[in-house]
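Before any comments, here is the structure.
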Amino acid sequence: MQVELKTMSQEQINEFLNSQKVGLLSLSDGKSAYAVPLGYSFDGKDIYLTIANKGRKLAYIKACRNVCFTVYWLQDNFGVKTGMSYKSVICDGVLEQISEPEAITRVIRNAEKHLGFPEGTWNHLLEMTLKDPANSGFWKINVTRIGSQMVNDVKEGAGA
Numbered sequence: 002m003q004v005e006l007k008t009m010s011q012e013q014i015n016e017f018l019n020s021q022k023v024g025l026l027s028l029s030d031g032k033s034a035y036a037v038p039l040g041y042s043f044d045g046k047d048i049y050l051t052i053a054n055k056g057r058k059l060a061y062i063k064a065c066r067n068v069c070f071t072v073y074w075l076q077d078n079f080g081v082k083t084g085m086s087y088k089s090v091i092c093d094g095v096l097e098q099i100s101e102p103e104a105i106t107r108v109i110r111n112a113e114k115h116l117g118f119p120e121g122t123w124n125h126l127l128e129m130t131l132k133d134p135a136n137s138g139f140w141k142i143n144v145t146r147i148g149s150q151m152v153n154d155v156k157e158g159a160g161a
């Protein structure tokens with residue numbers, strides 16, 4: 002079996018990130034690593050997340066804001082007999098808490114759209130957040146590097 006790895010174009014990366022809903026946020030506190038799946042939105046440049054202002058994620062973020070965010074897709078019934086197509090995008094960056102009211106509003110509206118909710122679905126969350134924007138649970142990954150990989154339709158005996 003021969004596998005041909007391909008790199009996605011920037012347009013393919015943007016389409017892929019806009020088509021997916023969940024990614025894996027990887028954090029480090031300098032002693033150990035921690036990864037957690039999170040819903041996200043993407044604006045064509047940076048990735049936006051909602052992170053509670055307590056708990057393990059926040060402890061890691063306080064220790065180090067450098068993160069890695071991975072989004073991937075596997076074909077249904079992934080395996081040698083059925084095929085092993087997949088795509089992945091890995092974004093390195095720095096987390097930044099969003100605390101400006103206009104930016105919070107923009108992020109919420111973008112997240113509603115990206116996740117398929119009607120505009121206004123998160124109005125209550127917006128109102129609650131704007132009461133104390135300095136403690137917002139909205140974060141941006143300022144993406145510093147993006148890598149991608151895809152494999153199309155590899156099956157048993159392919160390339161033999």
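Counted from 1, the sequence shown has number 141 at position 140 by the numbering used here; the numbering is strictly sequential. Here a beta-carbon is modelled for each residue, glycine too, at the ideal position from N, C-alpha and C.
Sequence-distant residues of its chain with Cβ nearer than 8 Å to residue i (five each side left out)
i	result
V23	P38, L39, G40, Y41 and V72
S27	A34, Y35, A36, V68, C69, F70 and T71
K58	L26, L28, Y35, V37 and I52
R66	V95, L96 and E97
First and last residue of the uninterrupted alpha helix (DSSP H) at residue i
i	result
L59	R57 to A64
S20	Q11 to S20
N124	N124 to L131
K114	P102 to H115
Start and end residues, beta strand (DSSP E) containing residue i
i	result
I91	Y87 to Q98
Supposed close pair residue i, residue j - CB separation, criterion 8 Å
i	j	result
M85	V152	6 Å
I147	I14	6 Å
Close Cβ partners of residue i (< 6 Å) along its chain, the five nearest in sequence each way excluded
i	result
Q11	none
Residue i versus the options, residue with shortest Cα-Cα distance
i	options	result
L50	G121, K132, V108 and T130	V108
Close-in-space but distant-in-sequence residues of the same chain around residue i (CB under 7 Å, 5 per side omitted)
i	result
G45	N15
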